Each structure stands twice: as structure tokens, then as C-alpha cells.
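Right, one structure below, let's go through it.
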Amino acid sequence: QQPVQSPQAVILREGEDAVINCSSSKALYSVHWYRQKHGEAPIFLMILLKGGEQKGHDKISASFNEKKQQSSLYLTASQLSYSGTYFCGTLYNNAGNMLTFGGGTRLMVKP
Amino acid sequence: IAGITQAPTSQILAAGRRMTLRCTQDMRHNAMYWYRQDLGLGLRLIHYSNTAGTTGKGEVPDGYSVSRANTDDFPLTLASAVPSQTSVYFCASSEGRGQPQHFGDGTRLSIL
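Same order as they appear, the protein sequences are chains A and B. First residue of the first sequence: 1, per the working numbering; consecutive thereafter. First residue of the second sequence: 1001, per the working numbering; consecutive thereafter.
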């Protein structure tokens, strides 16, 4: 079952913050985050494993709330280069190999 | 530069024709995947392979077949193309199950 991402789209000014959520109706083992620019391949951002860990690099970080079966991606002080579509991919157990991707969140950062 | 190579970049195909999309990786990754991406639906897994010699069905496998004769190559075949298979197809690979996936640049396929 496809995870639900929200919002579907967001427009920011450079320097503003954004949060993208990924919710599942099934228990999660891990969540992947990817960013895709128009006409390009998706690029891996980070993986979060169950246990409520939080990860980040540069000004992009993410959390994983196992109880809520939800992951959130935080973009701080957004830059023009952050524009693109963000996808979460969910894995439901550690034996599986089938990432189920959400429908994506389109982020546009304006000067 | 290490990565994934997909061919062709784009193709227009008549319905009923057979088509093979090629995917080659040089990272010695064990796992490989084929996705299709349609507007508003994100990425949907067609088939996957955990290691050379094995394949598995994904979320939308009907009308597609794959083979994994060696580590590097993972071709996707449409035996008899139909217009609903018009999509952008991405091949990806990862070191193993649940690991970060590296994507090729995609093949844009139009079935008329």
C-alpha cells in the first residue's frame, strides 16, 4: 500500500523552512528519501531505520516516528538547489526488497 | 564514472511490438530494480533481482519480463507493447536489500 505524502506541493522563498511528511498505514521497518529534479533520475538523500532515529546532512534532516508510522523530512533555510520532487520510499520488513514509493511532494524554492 | 547506463534514452513504439530496455551497472551491486514512473503516481516497482540468477515480481509486473544472467545486466522486456505501458522507465541498483538505490537516467517510452 502506497505511503501518503503531504503536502503535495509547496512553494518557498529562499531561506524559508519546509517539512514534508510520509505516512503509512502499515508498520514500517525503514524509510528512504529521494529527490528528483525535472527530467532527471531520483537521487538518494537518506535512510531511516525504525527506532525513532533522526538523520541529517547539511540543512536537510529527517525523523522516523515508529509509533505514528510516519517519517518527516525537514529542509532548513532552503536554497534554490532544493527545488524538485521529494519521494519517500517505505520498506515494511527487513527481509523484503520492495520499496513502496509515495506520490511525491513538489518543492519549488524561489529567490 | 561508475553508475547505471540505460538504453535507449527514448523510444516510440507501435502497439504489439516487442521491446527490450537495457540496463547495465558497473558498481558490482547485488540488487537491481525496474520502476515505471507515471505522472502523479510516483515510482512503481515492476520487477527486481536480489542477485544474479534470481528475479522477483514487484507491484506492477504484468506485461513485463526480466532476466539476470550476470551481475551487471538487467534487461526489461515488453513482449507485446500496449499504450498503457507508455511511461518513463528507471533502472536502479543497490548493494543489497534495503540499501540506498542508485538510479539510471531513465528511458522515455511511448506506445502508439
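Using N, Cα and C, we set each Cβ at its ideal position, and we do this for glycine too. Since this is a predicted model, take the numbers as computed values, not measurements.
Tyr1048, Asn1050, Gly1056, Gly1058 and Glu1059: these are the residues of the segment 1047-1061 of chain B whose beta carbon lies less than 8 Å from some beta carbon of chain A, given in chain order. Against chain A, the CB of B:Pro1008 has no partner CB under 9 Å away; the residue lies outside that interface. B:Val1088 and B:Asp1038 have their alpha carbons spaced roughly 7 Å apart.
Closest in C-alpha terms to B:Arg1022, from the list B:Cys1091, B:Pro1061 and B:Gln1099, comes B:Cys1091.
Contact between B:Met1019 and B:Ala1081 holds, since their C-beta atoms are separated by about 6 Å, short of 8 Å. Chain order gives no chain B residues near A:Ile60, where near means a beta carbon separation below 8 Å; the closest approach is about 15 Å.
For B:Phe1090, the pairing in a beta bridge is given by DSSP as B:Tyr1035.
A direct Cα-Cα distance of roughly 13 Å separates A:Gln1 from B:Leu1043. The secondary-structure analysis by DSSP pairs A:Lys59 with nothing; it has no beta-bridge partner.
Partner residues in the beta bridge of B:Lys1057, as assigned by DSSP, are B:His1047. Within chain A, no C-beta atom comes less than 7 Å from the C-beta of B:Phe1074; the nearest is roughly 14 Å away. Taking the Cα positions, A:Pro42 is about 15 Å away from B:Arg1108.
Taking a Cβ-Cβ cut-off of 7 Å, B:His1029 has no neighbours in chain A, whose nearest Cβ is about 12 Å from it. Contact between B:Ile1046 and B:Gly1058 is confirmed by a C-beta separation of about 5 Å, below the 8 Å threshold. Residue environment: A:Ala62 is assigned as buried (16 or more neighbouring CB atoms within 10 Å of its CB, all protein chains considered). Distances from the CA of B:Leu1078 to each of B:Ser1065, B:Asn1050 and B:Ser1084 were compared; the closest alpha carbon is that of B:Ser1065.
In the displayed model, A:Leu80 falls within a helix according to three-state DSSP.
Between A:Phe44 and B:His1102, the C-beta gap is smaller than 9 Å, which places the two residues in contact. B:Leu1013 and B:Gln1085 have their C-alpha atoms some 10 Å from each other. Of all residues in the segment 24-42 of chain A, only Tyr29, Ser30, His32, Tyr34, Gln36, Gly39, Glu40, Ala41 and Pro42 place a beta-carbon less than 9 Å from a beta-carbon of chain B. For B:Arg1108, the enclosing beta strand (DSSP E) begins and ends at Thr1107 to Ile1111.
For A:Ser25, the three-state secondary structure derived from DSSP is coil. B:Ser1080 sits in coil when the DSSP states are folded into three classes, being neither helix nor strand.
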